[in-house]
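Residue numbers (the numbering used here), protein chains in the order written: chain Y, 4 to 233; chain U, 24 to 439; chain D, 28 to 601.
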């Protein structure tokens with residue numbers, strides 16, 4: 004059972020005693036992108052919350068999450084070292100690009116100069132040289148998304164969660180950005196879990212595709228994650 | 024209005040005043056009727072007062088007094104069709120200030136105060152400016168039971184009353200102690216100081232310039248001043264600093280030995296009584312010889328509570344009812360004042376279970392029947408019997424009150 | 028018909044602006060009236076001595092008043108300290124607790140405290156904390172060995188610590204609810220998750236991601252808290268120092284002094300309070316800039332601060348403690364209101380006297396009636412104006428623009444009440460027999476209107492306009508849409524706004540005391556008058572009633588929609 008990568012073992016969540024989806028078990032190998040697909044409101048965000056340890060207290064979780072063979076189920080989010088990318092880049096509008104990146108850089112990198120150097124290296128490697136002083140609001144959507152990836156990668160995660168990070172972009176940017184992300188994942192050997200309802204994303208990921216199934220016993224309604232049908 | 028004519032001819036003011044006058048006249052049409060009011064024609068007054076609403080401005084910090092005024096209001100509503108609204112003020116000066124500012128604003132006929140519970144400096148302030156209605160009290164039917172020439176009722180802090188205010192109650196400064204805890208209380212200012220040395224933190228007095236705090240300061244002034252004749256004169260006519268130096272020396276020594284080391288003070292008589300009832304202090308002051316009996320009767324003070332005075336006596340005074348000159352409801356106010364002077368109302372007020380305030384009525388002027396009720400009260404628990412209290416000392420000239428309050432504030436409320 | 032309501036809707040913002048700004052402007056100008064400039068004009072030539080004194084003489088008298096420095100100092104420290112502590116407690120609580128079950132529980136426990144009037148809270152705290160109060164009674168003599176109350180300076184301490192604590196207890200719920208209202212716009216949950224996924228501790232992630240978005244929205248509420256602290260009289264009377272008292276209390280003393288020339292000193296005090304508010308606001312701004320610098324350094328340094336268990340416990344525990352304090356204070360009020368004889372150190376009264384409410388009913392009826400009349404009247408007018416304003420914004424497509432309009436709304440809340448109400452009172456007194464229910468109602472409206480607007484604006488703008496379009500498509504006019512569709516759908520937020528209005532009106536002390544000229548007695552003015560008497564039982568009766576009024580209002584706001592629109596829940600589209 005133990006080994007490198009991200010491992011989900013019988014992962015499920017209950018809301019008022021009702022399971023949102025059938026227990027999910029899978030292993031994502033280093034550098035591999037596994038896609039979880041499911042209908043809108045089928046519990047995808049709940050699954051992500053379970054993996055990163057941020058389940059709303061209204062839910063009860065079950066199952067285990069292992070990162071490189073270590074059980075992180077009882078460990079708080081900040082110690083799991085699982086990075087997340089959301090649909091929006093969520094760059095801090097009150098900080099420059101460099102400030103946003105420094106926020107991701109581990110505290111172990113000490114000294115103002117050393118930290119600035121690491122930030123600049125990362126920008127250069129991503130072909131974003133000289134963007135450090137820019138304000139997030141002055142960037143294009145694609146640039147913002149790439150900065151968000153850089154910030155997450157700088158924090159040196161052991162695994163990566165992607166919460167439909169490509170859906171906010173136009174078709175051209177989307178393809179290029181997908182390549183950038185998957186390329187980085189492969190190069191760093193990050194086990195990556197992609198959650199999406201877009202078949203194109205799944206195909207581009209090139210990894211296994213898992214369908215999130217509704218709980219067979221119950222008539223799982225569309226209200227499963229508490230969202231209104233409208 | 025004596026001093027208004029001098030600059031009356033300035034043109035720009037005329038239209039403004041005319042407008043104001045019209046406004047005021049339309050606001051209260053009955054103002055004109057008041058001018059014809061004859062205080063001697065009681066039958067007419069009784070008729071005129073019907074339907075009036077009297078705003079009675081009286082200190083409202085004491086539940087039992089509020090309840091009594093409420094009762095009186097219900098009586099006159101029933102018998103005379105006068106509606107009484109008790110405006111509960113924290114300090115009589117508030118109402119005086121309002122009357123003064125109304126006059127300053129040109130409001131001479133539709134003031135917000137119809138009857139005011141008053142004495143001393145506040146009476147002097149209104150009387151000096153001619154802002155009081157009167158003389159009116161001689162014609163009150165119930166004045167027949169009052170001996171107006173007795174010293175306490177003839178002069179109010181040395182100012183001639185001259186029928187400008189109706190007597191309401193008699194008071195004398197007393198101390199309360201629990202005979203079970205403190206059987207032999209200190210009976211002079213210096214005994215109090217010595218006792219405090221042995222019992223630090225067990226005495227305090229309400230903070231001046233509250234009514235009781237001022238009274239306690241005047242008590243010390245009268246008690247500790249060798250030449251009391253200086254106190255009969257206005258402050259400006261004597262070397263006040265020299266007269267009062269013994270009082271400040273005394274307080275400088277007393278305060279560190281007091282409750283909260285004299286840094287915080289209760290804000291009123293009833294606050295101090297609350298501390299006494301809670302056992303925080305052993306002695307408290309009051310201006311009401313019926314205070315202990317009342318507290319025993321309503322269960323807020325221990326049954327062993329008693330009142331006493333200094334052996335050389337304590338200051339005493341009377342309190343009165345006055346009608347501001349700009350009251351629009353003078354007839355109603357006079358009806359209420361007359362009722363408050365009636366033997367029935369005074370007897371109820373004297374009952375410690377109700378209030379416990381000494382009556383201003385003269386026993387010899389009452390019928391045997393009317394007297395019986397007052398007699399019965401003397402035997403109540405906690406009520407001082409005749410002659411049990413020390414003599415009642417004369418109040419200093421009213422100007423001393425403000426002087427002592429200001430000096431006290433400068434010395435003890437300056438944040439040092 | 029439709030045209031006239033159209034005119035009314037367009038006129039609403041102007042009427043609202045007039046209601047809010049005119050009195051504030053007149054009041055601010057009125058402050059300087061006692062300096063004798065308008066003596067001749069208003070007083071009909073009466074000598075200057077009766078109406079005021081020149082500004083120079085007044086300033087000298089103010090400067091030389093005994094202990095004036097101490098008064099100003101205690102005003103400044105208690106207002107600043109209570110504002111900062113309350114803000115830090117609320118930020119800490121939100122940072123540590125957001126998204127947890129405990130946070131939800133605290134949110135439910137804290138909000139009712141917002142409805143408790145300041146005076147009642149102060150009275151309850153005094154009952155609780157005094158050396159002869161409930162806390163000492165509960166622990167005596169078995170733990171403390173005391174059979175008599177200790178001679179401890181807990182209340183009315185010269186440093187104003189008791190006053191500061193009281194202000195904190197009362198302001199934490201206010202700032203907390205303001206925070207709860209602002210949080211949804213900050214995308215707080217995802218920003219926190221992002222920070223934590225980058226390895227930051229729970230509180231650190233909140234401070235990094237949410238605080239910068241939240242704080243600008245709290246600027247005006249914080250200023251309102253500061254201004255209240257500086258000009259509070261009702262809380263200071265119960266808890267503040269007396270030798271000398273805080274500046275606002277002394278201002279009121281000068282204002283009500285029988286010697287009218289003292290009003291000029293009161294005017295100086297009112298101006299000093301105004302300046303003090305501005306200075307404190309500037310100081311807060313400076314502190315905010317310093318905090319920002321520190322924050323930037325920390326972000327750049329990337330310190331993860333994962334080990335935050337102890338700070339989190341403190342950040343959750345302190346607000347819980349203050350909430351418990353507030354609730355115990357209310358409980359103490361309830362106990363005292365029905366207590367019979369109760370000697371120290373008994374933990375409970377020897378006997379109970381539930382009859383007190385009934386026996387005081389004749390005296391309570393007047394103030395209770397005035398309180399209800401003012402509360403309902405001002406809330407109704409404020410609701411009308413607010414609905415008019417909001418409808419105008421929506422119809423003219425102005426959208427929901429905070430910004431300048433919000434500053435206007437907050438104006439009466441961020442200026443010290445003592446200052447402009449003082450000026451209003453001077454003007455009212457100068458113009459003749461103004462004081463009364465009407466003047467009090469108007470003064471109260473200044474404070475009721477902003478709160479009602481703030482609570483109704485969001486739900487009003489969030490209403491789905493397509494319902495209106497559907498109704499128009501069915502042939503309904505705009506008025507019909509408003510009356511038959513929009514108002515019924517927004518019934519719950521409308522009633523909540525009304526309840527907030529009732530709570531605000533019931534609690535107001537200074538506007539009622541100053542413009543009522545003592546003739547308009549409400550539960551609050553009676554309670555503050557009784558504060559001096561320390562007749563705990565009667566005071567408790569007033570304070571309890573004072574608390575019951577807003578509670579009933581909130582209860583009705585909660586129950587009425589279900590009662591009026593049965594089945595609404597099932598039929599409504601979430």
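Positions of the beta carbon are idealized from the N, C-alpha and C atoms, including for glycine.
- Against chain Y, the CB of residue 326 of chain D has a partner CB under 7 Å away; the residue lies at that interface.
- Identification of chain Y residues near residue 333 of chain D by a Cβ-Cβ cut-off of 9 Å yields 79, 81, 82, ordered along the chain.
- Comparing alpha-carbon positions, the option among U:335, U:382, U:439 lying closest to residue 194 of chain U turns out to be U:382.
- Apart from sequence neighbours up to five positions away, the residues of its chain that approach residue 96 of chain Y with a beta-carbon distance below 7 Å are 139, 140, ordered along the chain.
- For residue 281 of chain U, there is no enclosing beta strand (DSSP E), as DSSP gives it neither H nor E.
- The stretch 512-530 of chain D makes contact with the stretch 474-482 of chain D, as at least three CB pairs between them are under 8 Å.
- Inclusion of residue 394 of chain D and residue 548 of chain D in the CB contact set at 7 Å is warranted, their separation being smaller than that value.
- Per the DSSP secondary-structure output, residue 74 of chain Y pairs in a beta bridge with Y:69.
- Scanning D:569, D:264, D:371, D:512 for the CA closest to the CA of residue 169 of chain D turns up D:371.
- Short of 6 Å from the beta carbon of residue 89 of chain Y, and not among the five residues preceding or following it, lie these beta carbons of its own chain, in chain order: 166.
- Using a 10 angstroms sphere on the CB of residue 191 of chain U, the tally of other CB atoms reaches 16 or more, which defines it as buried.
- Residues of chain D with a Cβ closer than 7 Å to the Cβ of residue 112 of chain U are, in chain order, 545.
- Between residue 239 of chain D and chain Y, the shortest Cβ-Cβ separation is below 7 Å.
- The beta carbons of residue 200 of chain U and residue 306 of chain U sit about 5 Å from each other, so the pair counts as a contact at 8 Å.
- Across the structure, residue 528 of chain D and residue 275 of chain D are spaced so that their CA atoms are roughly 25 Å apart.
- When only Cα atoms are considered, residue 350 of chain D and residue 363 of chain D end up about 20 Å apart.
- If the five residues before and after residue 38 of chain Y are omitted, its C-beta is found closer than 6 Å to the C-beta atoms of 197, 205, 208, 212, all from its own chain and listed in chain order.
- Its Cα nearest to that of residue 289 of chain D, the residue U:123 stands out among U:95, U:353, U:123, U:345.
- In terms of Cβ geometry, residue 135 of chain Y and residue 100 of chain Y form a close pair [threshold 7 Å].
- About 14 Å separates the beta carbons of residue 206 of chain U and residue 330 of chain U, which is beyond the 8 Å limit, so they are not a contact pair.
- DSSP, reduced to helix, strand and coil, places residue 180 of chain Y within a helical segment of the structure shown.
- Interface annotation, residue 478 of chain D: not in contact with chain Y, CB-CB separation never under 7 Å.
- For residue 227 of chain D, a Cβ of chain Y is located within less than 7 Å of the residue's own Cβ.
- With respect to the C-alpha of residue 186 of chain U, the residue from U:343, U:393, U:433 having the closest C-alpha is U:343.
- Note on residue 335 of chain U: under 16 other CB atoms within 10 angstroms of its CB, so exposed under the neighbour-count rule.
- Rounded to the nearest whole angstrom, the C-alpha separation of residue 117 of chain D and residue 346 of chain D is 7 Å.
- By the rule that beta-carbons nearer than 7 Å mark a contact, residue 129 of chain D does not touch chain Y.
- Under the DSSP assignment, residue 309 of chain U falls in the beta strand (DSSP E) whose first and last residues are 306-309.
- Per DSSP, residue 403 of chain U has no beta bridge partner at all.
- With a threshold of 7 Å between beta carbons, residue 404 of chain D makes no contact with chain Y.
- Under the Cβ distance rule, residue 221 of chain D counts among the residues neighbouring chain Y, one pair being separated by less than 7 Å.
- Interface flag for residue 146 of chain D against chain U is unset, since no Cβ pair is found closer than 7 Å.
- Against chain D, the beta carbon of residue 105 of chain Y has neighbours under 9 Å at 326, 327, 328, 329, listed in chain order.
- Assignment of beta strand (DSSP E) within the stretch 374-436 of chain D, counting only whole runs of 3 or more residues, yields no such run.
- Taking all protein chains shown into account, residue 268 of chain U has fewer than 16 neighbouring C-beta atoms within 10 Å of its C-beta and is therefore exposed.
- Only residues of its own chain outside the window of five on either side were considered, and among them 17 have a CB closer than 6 Å to the CB of residue 63 of chain Y, listed in chain order.
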